Amino acid sequence: MISKLAKENDFKFWFSNETNLSLQIVAPLHFNIAIILSSLTNLNLIFMNFFELFDDKIYLRFEYDNIISDEQKLKLCELLNSNLSGFNLKKIKKPIIKKEELKLDLNYSKMYAKLGLNTKDQQGLMAYLMNVFNELELVLCAAKIQTIRQRTRNIFIFQKNEKLEHSEQKLVNLLISE
460 MISKLAKEND FKFWFSNETN LSLQIVAPLH FNIAIILSSL TNLNLIFMNF FELFDDKIYL
520 RFEYDNIISD EQKLKLCELL NSNLSGFNLK KIKKPIIKKE ELKLDLNYSK MYAKLGLNTK
580 DQQGLMAYLM NVFNELELVL CAAKIQTIRQ RTRNIFIFQK NEKLEHSEQK LVNLLISE
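End of the sequence shown sits at 637 in the working numbering; the numbers just go up one at a time, nothing left out.
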């Protein structure tokens with residue numbers, strides 16, 4: 460189903476809001492995920508999947524622990540239908556991430572680097588991370604985000620390239636706060 464939607468659409472989103480908000484998006488590879496996440500920072504993100512598809516497209520799935528109001532649904536649809544144009548990324552508070560909670564492995568494989576993060580769940584954490592990745596122009600290929608008992612266990616797989624290798628220390632410095 461997802462591959463068919465991606466083949467037929469450059470951008471497509473759908474969501475359900477019965478027991479909790481579940482948002483799915485097929486978008487261009489350079490879609491600014493941080494804008495979506497920052498617009499939903501008041502909600503509790505419990506699960507996120509990110510997969511690179513074909514034809515420079517990605518698939519995103521966000522699961523929140525909340526149900527949103529009709530007004531919030533309308534605003535979310537407006538934001539997504541506008542393709543994020545004219546939306547300014549609001550200032551995102553830097554989360555508290557300790558050095559020992561972050562593990563960057565540039566030698567994960569021949570083509571990919573891996574960033575592991577196991578830290579306290581914090582409002583805006585994913586929006587902040589995605590904004591940093593976007594700022595450093597890192598190519599995210601896959602992500603698995605899971606939150607259990609106020610702890611978030613995240614794995615990000617990046618395309619290994621010169622930009623990533625040259626910005627390794629900057630990435631770590633932007634992420635850790637202690």
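We put the beta carbon where it would ideally sit given N, CA and C, even for glycine. All figures in this text were calculated on a predicted structure; none of them were measured in a lab.
As DSSP reads the structure, Lys579 sits in a beta bridge with Arg610. When the beta-carbon positions are compared, Gln618 and Tyr567 stay at least 8 Å from each other.
With a threshold of 16 other beta carbon atoms within 10 Å, Ser498 meets it and is buried. Around Ile556, the same chain offers Thr578, Leu634, Ile635, Ser636 as residues with beta carbons nearer than 6 Å, after the five sequence neighbours per side are excluded.
Restricting attention to alpha helix (DSSP H) runs no shorter than 4 residues, the stretch 481-554 encloses them at 492-498, 529-540, ordered along the chain.
In the three-state DSSP reduction, Ile461 falls in the helix class (H, G or I). Rounded to the nearest angstrom, the gap between the Cα atoms of Ile484 and Glu559 is 33 Å. For Ser528 and Lys534, the gap between their C-alpha atoms comes out near 10 Å.
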